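Trainee:
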Amino acid sequence: MSSSPTITLAPDKTVEELLGNPRVQSAFRFFETHAPEITEEQIRLCQIPAPPFGEQERARYLCERFREQGLREAALDEEGNCVALREGSMRRPLLVVSAHLDTVFPAGTDHTVRREQHRLLAPGIADDGCGLAALVAELRALEAFHLETEGSILFVGTVGEEGEGNLRGARHLLTKGIWANQVDAFISFDGPGVERITHAALGSRRYRVRLRGAGGHSWGDFGAANPVHALGRAISRLASYPAPVEPRTTFNVGRIEGGAGINVIPREALMDVDLRSASAEELQRLDAFFRRAAREAADDENAGRRAGDPPLELDMKLIGDRPSGETPTDSPLVRMAEEATRALGFSPRLDRSSTDSNVAISLGIPAITIGAGGSSGNSHTLDEWYDPRGREAGLKRALLIMLGMVGVK
Ligand SMILES: [Zn+2]
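Okay, so the sequence shown: first residue is 96 according to the working numbering, each after it adds one.
#1: Taking all protein chains shown into account, do 16 or more other C-beta atoms lie within 10 angstroms of the C-beta of Pro-100, making it buried, or fewer, making it exposed?
#2: Mind listing, in chain order, the residues whose beta carbon lies closer than 5 Å to a non-hydrogen atom of ligand 1?
#3: Identify every residue that forms a DSSP beta bridge with Val-359.
#4: Thinking just about the alpha-carbon of each residue, which of Ile-220, Glu-408, Ala-467, Ile-330 is nearest to the one in Ile-282?
#5: Does the structure place the segment 392 to 410 close enough to the segment 316 to 324 that three or more beta carbon pairs sit under 8 Å?
#6: Whole angstroms are fine: how far does the CA of Arg-332 sit from the CA of Ala-228?
#7: Which ranges would you report for the alpha helix (DSSP H) in the segment 209 to 295 if only whole runs of at least 4 residues count?
#8: Any idea if Val-289 is buried or exposed, counting beta-carbon neighbours within 10 angstroms, 16 or more meaning buried?
#9: Please name the residue in Asn-473, Ser-442, Arg-303, Glu-159 whose C-alpha comes closest to that of Glu-363.
#10: Which of the three DSSP states, helix, strand or coil, is assigned to Phe-346?
#11: Quick test of the definition: if touching needs 3 or more C-beta pairs under 8 Å, does the segment 433 to 448 touch the segment 271 to 280?
#12: Any beta carbon from chain D within less than 7 Å of Ala-280's own beta carbon?
#13: Would you call the segment 162 to 182 and the segment 132 to 139 in contact, with 3 or more CB pairs under 8 Å?
#14: Does the count of Cβ pairs from the segment 146 to 160 and the segment 238 to 247 closer than 8 Å reach three?
#15: Am I right that Pro-443 and Glu-433 are in contact with their C-beta atoms under 8 Å? What's the rounded C-beta distance?
#16: From this set, Leu-269, His-195, Asn-453, Gly-203, which residue's C-alpha is nearest Leu-477's C-alpha?
#17: Is it buried or exposed, Gly-440, if we count other Cβ atoms within 10 angstroms and call 16 or more buried?
#18: Could you compute how far the alpha carbon of Asp-416 sits from the alpha carbon of Arg-400?
#19: By DSSP, does Met-366 sit in helix, in strand, or in coil?
#20: Just the C-alpha distance for Arg-291 and Ala-393, rounded to the nearest angstrom, thanks.
#21: Can you tell me the Cβ-Cβ gap for Arg-210 and Trp-480, rounded? I've got them flagged as a contact below 8 Å.
#22: What do you get for Ser-184, buried or exposed, if any count of 16 or more other CB atoms within 10 angstroms of its CB means buried?
#23: If you count every other CB in all the chains shown that lies within 10 Å of the CB of Leu-189, and 16 or more means buried, which is it?
#24: Rounding to the nearest angstrom, what Cα-Cα distance links Val-231 and Leu-297 in this structure?
#25: Leaving out the 5 sequence neighbours to the left and right, which residues in its chain are closer than 6 Å to Ile-143 when beta-carbon positions are compared?
#26: Bridge partners of Thr-412, per DSSP?
#27: Alpha carbon to alpha carbon, what distance is there between Asp-222 and Gly-260?
#28: Using the C-alpha atoms, what's the distance from Arg-371 back to His-241?
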C-alpha cells in the first residue's frame, strides 16, 4: 500500500536502535527467564480442542489471556477470530500479529499434551500452538516493560487457516470486519523456527468433482454412462497437463470415491483435486484446463452411452481458493525481518507457502509468516511434537520486527 503511513526507512538502523533500548533488552531477558511459563501457556492453549469450524472455546480462552494483559476490548468478531487492539500513540500504522487457532484434527481427537524429555507431544502443539503461545508471550513482554509504540498492534487469533477453512478468518478480518482497509502490515506466527520468512503466497484451488448417473448391472446395462469411467477420463487428462517447473505448478488428485461392487455400474463417483502454483497466471491456466478436462470427460462418456439412457451429471464444487502473490523482498517488512534475523545471529531464509498471509498479500498488504522459535516434527499427524528449546530466539526476532514496524515511543 503505497499510501499507507510508515515509520521504517532504514531497517538496519531501526534494529540496531531497538537492540540498544534497555526495555527491549528486558523483554529479551523475560523470554529467557519465563520460558517455562510460556510453555505452560502453550500447553493450556493446545489442550483446548480447535477442530476446523470449532475454534470457539480456544478463541474465548485466548481472548481471556489478552484481557488479562490489559487489552480489555479483546473480543470475538463475527467470523470467530479473537481480536484485540494494543493502541499506540496513533492508530496507524496498524500492524496485525496473528496465529491460527484451528488445527487439522477433527472433533473428538485427544489433545492431552504429553512430555517426553524435552519434547511436548500433542496434535497441533506446534502448528499452531507455538504461534498462539508467541502471541501471548509478546503481549506480556510489551506490557511488563511498558513498551509503548507509535503505531498500533492488532493481536489476532484467526479461525479457518487449515484446509477447508480456506483462510476464512484472515479473509474476514481483512476484507469484511471493522478492521478491513485499515491494516498496514500483517505478520502471522505459524510453526517453529527462527530463519524462515515466508513472504510469498502459494496459491491453490481445490475442487470436489462429483459425477452422477443412473447406474445399473455391469452386463445387463452395459453402455450406460459410467461415472467412474468418466472420472478416469478426467484424471487421465489432468495427468497429461504440462505443468511448468518454473514457476512451480502442481496438481494432485488426492482422493477418489465411488462404486458399490465389481458387477455394478456405479451411480456416483467423486474426486478431490488440489491445484497449486507460485504464479497466479499459471494457476489460472491450470484451473481452466482442469475444468475443461472434467467437462470433456463427462461429455465423452455421455457421447458413447446406450441410446435412451440418461446422461451423467457433472458437479464441480470449488472447496478451496487461496490467492498467490508476493510481498516484495525490498519492502520494509521483509527487510526488517531479514535484519532482525541476522541481528540474532541467524540466516534469513525467504520462502513461499500457503498461510494466512496469502489473503493480505492478495490485497496488497505487506505480509510475512514467520516461525515462533523452537523446533517441531510430524506436523498434521497425531505424533506431532514441539521442542521449546531455543524458542526465545524466535520471540526476540518477532519482537524486533513488530517494534520496527510500528516504532517505539
Ligand atoms: Zn499452521
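Each residue gets a CB set at the ideal place from its N, CA and C atoms; glycine is no exception. On a predicted model such as this, the values are computed, not experimentally measured, just so you know.
Mentor: Based on what the coordinates show:
#1: Taking the first residue of the sequence shown as position 1, residue 100 is located at position 5. Note that Pro-100 has pLDDT 48, beneath the 50 cutoff, so the model's placement of it is unreliable and the number below is only indicative. The residue in question, Pro-100, is exposed, as its Cβ has fewer than 16 Cβ neighbours within 10 Å.
#2: Per the Cβ criterion, the list is Asp-222, Asp-223, Asp-285.
#3: Position 264 of the sequence shown, counting from 1, holds the residue named residue 359. According to DSSP, residue pairing for Val-359 in a beta bridge involves His-312.
#4: On the sequence shown, residue 282 is found 187 positions in, with the first residue counted as 1. Comparing Cα positions, the closest option is Ala-467.
#5: Short answer: they touch.
#6: By one-based count along the sequence shown, residue 228 stands at place 133. By one-based count along the sequence shown, residue 332 stands at place 237. So the alpha carbons of these two residues sit roughly 46 Å apart.
#7: For the segment 209 to 295, whole alpha helix (DSSP H) runs of length 4 or above, ordered along the chain, are 224 to 239, 263 to 270.
#8: Against the sequence shown, residue 289 aligns to sequence position 194. Result: buried.
#9: Mapped onto the sequence shown, residue 363 falls at position 268. The candidate whose alpha carbon is nearest that of Glu-363 is Arg-303.
#10: Mapped onto the sequence shown, residue 346 falls at position 251. In the displayed model, Phe-346 falls within a strand according to three-state DSSP.
#11: Between the segment 433 to 448 and the segment 271 to 280, the count of Cβ pairs shorter than 8 Å is below three; the stretches do not touch.
#12: Judged by its chain identifiers, the structure shown contains no chain D, having just a single protein chain.
#13: Contact between the segment 162 to 182 and the segment 132 to 139 is absent, because fewer than three Cβ pairs lie under 8 Å.
#14: Verdict: no, contact absent.
#15: Locating residue 443 in the sequence shown gives position 348, counting from the first residue. Locating residue 433 in the sequence shown gives position 338, counting from the first residue. Distance from Pro-443 to Glu-433 at the Cβ level is roughly 4 Å; contact confirmed, criterion being Cβ atoms closer than 8 Å.
#16: Position 382 of the sequence shown, counting from 1, holds the residue named residue 477. Distances from the alpha-carbon of Leu-477 to those of Leu-269, His-195, Asn-453, Gly-203 put Gly-203 closest.
#17: For this step, residue 440 is matched to residue 345 along the sequence shown. Exposed, since its Cβ has fewer than 16 Cβ neighbours within 10 Å.
#18: Here the question's residue 416 lines up with position 321 in the sequence shown. Here the question's residue 400 lines up with position 305 in the sequence shown. So the two alpha carbons sit approximately 34 Å from each other.
#19: Position 271 of the sequence shown holds residue 366. DSSP, reduced to helix, strand and coil, places Met-366 within a strand of the structure shown.
#20: Looking up residue 291 in the sequence shown gives position 196. Looking up residue 393 in the sequence shown gives position 298. Looking at the backbone, the Cα of Arg-291 and that of Ala-393 are separated by about 44 Å.
#21: Counted from its first residue, the sequence shown places residue 210 at position 115. Counted from its first residue, the sequence shown places residue 480 at position 385. In fact, because the Cβ distance is near 10 Å, the residues do not count as touching under 8 Å.
#22: Position 89 of the sequence shown, counted from the start, is the residue given in the question as residue 184. An exposed status is given to Ser-184, since fewer than 16 other beta-carbon atoms sit within 10 Å of its beta-carbon.
#23: As a first step, residue 189 must be located in the sequence shown, where it is residue number 94. A buried status is given to Leu-189, since no fewer than 16 other beta-carbon atoms sit within 10 Å of its beta-carbon.
#24: Looking up residue 231 in the sequence shown gives position 136. Looking up residue 297 in the sequence shown gives position 202. Near 28 Å, if we compare the C-alpha coordinates of Leu-297 and Val-231.
#25: Indexing the sequence shown from 1 puts residue 143 at position 48. Contacts found: Glu-152, Arg-153, Tyr-156.
#26: Along the sequence shown, read from residue 1 onward, the residue named residue 412 stands at position 317. The displayed chain sequence assigns Lys, not Thr, to residue 412. Answer by DSSP bridge pairing, in chain order: Arg-303.
#27: Taking the first residue of the sequence shown as 1, we reach residue 260 at position 165. Taking the first residue of the sequence shown as 1, we reach residue 222 at position 127. Straight-line Cα distance between these residues: approximately 15 Å.
#28: Counted from its first residue, the sequence shown places residue 241 at position 146. Counted from its first residue, the sequence shown places residue 371 at position 276. Taking the Cα positions, His-241 is about 44 Å away from Arg-371.
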